[in-house]
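Mapping of the sequence shown onto the UniProt record's numbering: position 215 corresponds to residue 215, and the numbering continues sequentially without gaps.
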Amino acid sequence: MNFTELLGAARTQPHAISVPADWAQGRAVFGGLMAAMLHEAMRLKLADERPVRSLAITFVGPAAPEVPISLEVEVMREGKAVSTLLGRAVQNGQVVTLVQGSFGVGRPSVVAVDALPAAPLKPLEQAAPELPYIKGVTPEFMRHVALRWALGGLPFSGNTSRQMGGWVRLRDVTAQPLEAAHVLALVDAWPPSLLPHLQQPAAGSTLTWTIEFIQPAPPLSTLDWCRYVVDTEHARDGYGHAAAALWSADGELVALSRQTVTVFA
């Protein structure tokens with residue numbers, strides 16, 4: 001199943017989804033996919049088409065591939081402008097992913113502040129070639145996402161730069177408007193920002209993740225390359241704190257992201 005098919009399953013059969021093993025990230029299902037499926041299930045509970053403004057995601061435990069997952073959504077409050085929802089992914093009776101979402105319509109305002117310029121990045125044609133999917137080396141889900149490094153080091157390269165990033169897009173999908181669910185996959189496809197600091201392989205994962213979506217969303221396609229840059233702001237005692245952003249190819253802001261990550265080294 002490709003990304004589009006799994007999003008469809010989240011909408012049509014949210015209480016019995018089995019994610020194929022080719023979407024694994026170590027022993028767990030790719031976190032960006034888990035968040036995207038919960039987002040789709042949450043949208044079904046909205047009374048209108050109000051767009052997502054922010055999601056606060058906690059990866060409570062690893063969701064195993066090929067084991068049924070139930071997506072459960074509770075509407076905490078639905079106001080005139082803002083709806084607050086709580087989503088849970090449950091597997092074997094245990095919560096594995098928890099998402100609090102805020103969805104809100106726009107309103108007239110005298111406040112208007114433009115986004116900061118996009119972080120400098122090598123042009124796409126000067127970036128490294130697409131990171132290949134290598135069975136047993138790269139995560140399984142990498143066969144579905146294309147990354148081209150343009151800043152900082154690869155995981156386990158001993159590169160201690162605070163910044164990492166490059167160009168990203170989905171593979172094996174048809175052209176369609178880029179939506180919030182796709183953005184979740186593009187942002188989370190990048191490895192934890194601490195991994196390039198290591199000189200040999202070690203486990204690392206996202207503990208909590210907050211992502212904010214710029215609305216109205218820029219008119220992009222699922223086939224467009226996007227720019228991604230993450231800054232590691234602090235790391236100690238096996239935890240790191242990082243801030244990132246995703247932009248269109250021409251520098252239009254798409255989303256802002258913050259993660260608390262863990263590293264077992």
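Note that CB positions come from ideal geometry on N, CA and C, so glycine has one too.
Distance CB(Leu184)-CB(Ala35) smaller than 7 angstroms: yes
Whole alpha helix (DSSP H) runs in the segment 176–248 with 4 or more residues, listed along the chain? 180–188
Flag this pair as touching only if the segment 206–219 and the segment 45–60 have three or more C-beta atom pairs under 8 angstroms; answer yes or no. yes
Tell me, to the nearest whole angstrom, how far the beta carbon of Ala10 is from that of Leu71; I am working on the premise that it is less than 8 angstroms. 6 angstroms
For Leu86, the nearest candidate out of Gly106, Arg43, Asp22 (CA to CA): Arg43
Leu116 lies in the beta strand (DSSP E); which residues open and close that run? Premise fails: Leu116 is in no beta strand (DSSP E) and is neither H nor E.
Would you mind stating whether Gln163 and Thr222 have Cβ atoms separated by less than 7 angstroms? no
So Leu6 is in the beta strand (DSSP E); what residue range does that whole segment cover? Taken as a continuous stretch (DSSP letters only), Leu6 belongs to no beta strand (DSSP E), being part of the alpha helix (DSSP H) at 3–12.
Through-space distance from Gly31 to Ser205, alpha-carbon basis: 9 angstroms
Using the rule of at least 16 other Cβ atoms within 10 Å of the residue's Cβ for burial, across every protein chain shown, is Met142 buried or exposed? buried
Could you round the C-beta distance between Ala89 and Ile69 to whole angstroms and report it? I think they count as a contact, below 8 angstroms. 5 angstroms
What residues are listed by DSSP as bridge partners for Ala24? Val29
Helix, strand or coil at Phe156 according to DSSP, with G and I counted as helix: coil
For Phe264, is the classification buried or exposed, using 16 other Cβ atoms within 10 angstroms of its Cβ as the cut-off for buried? exposed
For residue 267, is the classification buried or exposed, using 16 other Cβ atoms within 10 angstroms of its Cβ as the cut-off for buried? Since the displayed the chain opens at 1 and closes at 265, residue 267 lies outside it and no answer follows.
Buried versus exposed, by CB contacts within 10 Å (16 or more), Leu124: exposed
Express the C-alpha separation of Asp114 and Phe3 in angstroms, rounding to a whole number. 32 angstroms
What whole-angstrom Cβ distance do Trp149 and Ala119 have, given they're in contact under 8 angstroms? So it is not a contact: roughly 14 angstroms between Cβ atoms.
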